[in-house]
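Taking it in order: structure first as structure tokens, then the write-up.
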Amino acid sequence: MQLMFRFLVGGLVVSLFAALGGALKPKSFAGLFGASPSVALATLGLTIASNGKLYASQEAHSMIVGAIALGLYSAVVIQLIMKHKLHAGRAASAALSIWIICALGAWLLVLR
Amino acid sequence: MRIQFNLSSLRQTKWSEYAVRFIFGGAITVAAGLLAKRFGPIFGGLFLAFPAIFPATATLVEKHEKEKRQKAELSTSLRGRQAAAVEARGTVLGSFALAAFAWMVWKILPNLNGPWTLAAALSGWFALSVAIWSFRKRLRFTTRPRQSRRPEQ
Numbered sequence: 071m072q073l074m075f076r077f078l079v080g081g082l083v084v085s086l087f088a089a090l091g092g093a094l095k096p097k098s099f100a101g102l103f104g105a106s107p108s109v110a111l112a113t114l115g116l117t118i119a120s121n122g123k124l125y126a127s128q129e130a131h132s133m134i135v136g137a138i139a140l141g142l143y144s145a146v147v148i149q150l151i152m153k154h155k156l157h158a159g160r161a162a163s164a165a166l167s168i169w170i171i172c173a174l175g176a177w178l179l180v181l182r
Numbered sequence: 014m015r016i017q018f019n020l021s022s023l024r025q026t027k028w029s030e031y032a033v034r035f036i037f038g039g040a041i042t043v044a045a046g047l048l049a050k051r052f053g054p055i056f057g058g059l060f061l062a063f064p065a066i067f068p069a070t071a072t073l074v075e076k077h078e079k080e081k082r083q084k085a086e087l088s089t090s091l092r093g094r095q096a097a098a099v100e101a102r103g104t105v106l107g108s109f110a111l112a113a114f115a116w117m118v119w120k121i122l123p124n125l126n127g128p129w130t131l132a133a134a135l136s137g138w139f140a141l142s143v144a145i146w147s148f149r150k151r152l153r154f155t156t157r158p159r160q161s162r163r164p165e166q
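Below, the structure is given as structure tokens:
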């Protein structure tokens, strides 16, 4: 039941931010919403209620690393689209491995 | 170029495309919670900045741009991809503000109540995003030669 609630809240917040980004122009400004704290707001709100503030602040601490990985991910997507002529969907999916490598690498080297 | 809010562009998106975003967003939120439970909050926290919005948005931007060009009977070869790349450039800038959001929550949350902290950090994220985007925009226009300026879509 709790997982279902988490799923609904997460889906709703992410959809809201995505729709907001979709209604904005120019596209470079709308792109800011690709890095909106949608998952974070849903998760942190629920975590504060269930596990307390200190637990949630620890999650926020490592989220800084995740955000840096997101910046690198987006930069790689641009390169894949413009230099390697990949379609946007394919580039965005392929670059997910970069996010995972950066985030997990930083976790192993710095955070653990 | 001025920032515009255009609700009619939302009608371009199909319900199935909204459903994909909803399911993906929900799944990431559940996964972040489960990973935190299994491996601890430090590991789970990484996934709070997982690219949950960008992959679906980039695909849609390219698709909609192509459809627009096809309707106008213009060449579609590059334009859709360029539009997605411009969007990704915005996401690079936004990721700095997202890191600042996380830093604010990390520092403020132990001393302030939850909803206020999240509201303050969200306001900070938005203000910083706009500031970085405006700064980047101004820098681009002051450093580029006049003849090479291109209007952004």
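Protein chains in written order, with our numbering: chain A, 71 to 182; chain B, 14 to 166.
Ideal Cβ placement from N, Cα and C applies to all residues, glycine included.
Neighbourhood of K123 (chain A) in chain B, by CB distance below 7 Å: L122, P123, G127, in chain order.
In the DSSP assignment, G104 (chain A) falls outside any alpha helix (DSSP H) and carries neither an H nor an E. Approximately 4 Å separates the beta-carbon atoms of A134 (chain B) and M117 (chain B); this is inside 8 Å, confirming the contact. Every candidate beta strand (DSSP E) stretch fails here, since none sits fully inside the segment 99-150 of chain B while reaching 3 residues. Taking a beta-carbon distance threshold of 9 Å, I171 (chain A) does not count as an interface residue toward chain B. With its beta carbon at least 9 Å from every one in chain B, M71 (chain A) lies outside the interface. By the Cβ test, the segment 68-86 of chain B is in contact with the segment 152-169 of chain A, since at least three Cβ pairs between them sit closer than 8 Å.
For S167 (chain A), not one C-beta of chain B is nearer than 9 Å to its own C-beta.
Excluding the 5 residues flanking it on each side, L48 (chain B) has same chain C-beta neighbours closer than 7 Å at F56, G57, F60, in chain order.
Residue pairing by DSSP places Q17 (chain B) opposite A:K95 in a beta bridge. In terms of beta-carbon proximity, L179 (chain A) stays away from the interface with chain B, with every pair separated by 9 Å or more. Rounded to whole angstroms, the Cβ separation of G107 (chain B) and S136 (chain B) is 15 Å, and the two are not in contact under 8 Å.
Between L111 (chain B) and chain A, the shortest Cβ-Cβ separation is below 9 Å. Residue environment for M133 (chain A): buried (at least 16 other C-beta atoms within 10 angstroms of its C-beta). Within the model, the alpha-carbon separation for I171 (chain A) versus L140 (chain A) is close to 11 Å. Following the DSSP letters along the chain, one finds P64 (chain B) in no alpha helix (DSSP H), marked with neither H nor E. Buried is the label assigned to E129 (chain A), since at least 16 other Cβ atoms lie within 10 Å of its Cβ.
When the beta-carbon positions are compared, G38 (chain B) and V83 (chain A) come within less than 9 Å of each other. Contact between V147 (chain A) and A176 (chain A) is ruled out by a C-beta separation of about 19 Å, above the 8 Å threshold.
One thing to note: G80 (chain A) has its Cβ no nearer than 9 Å to the Cβ of I66 (chain B). Pairing A113 (chain B) with R149 (chain B), the inter-Cα distance amounts to about 17 Å. Only those residues of the segment 71-93 of chain A whose C-beta falls short of 8 Å from the nearest C-beta of chain B are listed: L73, R76, F77, L78, V79, G80, G81, L82, V83, V84, S85, F87, A88, A89, G91, G92, A93. Residues of chain B with a Cβ closer than 7 Å to the Cβ of A145 (chain A) are, in chain order, V105.
Assigned with DSSP and collapsed to three states, R76 (chain A) falls in helix. Apart from sequence neighbours up to five positions away, the residues of its chain that approach A96 (chain B) with a beta-carbon distance below 7 Å are V74, E75, E78, Q166, ordered along the chain.
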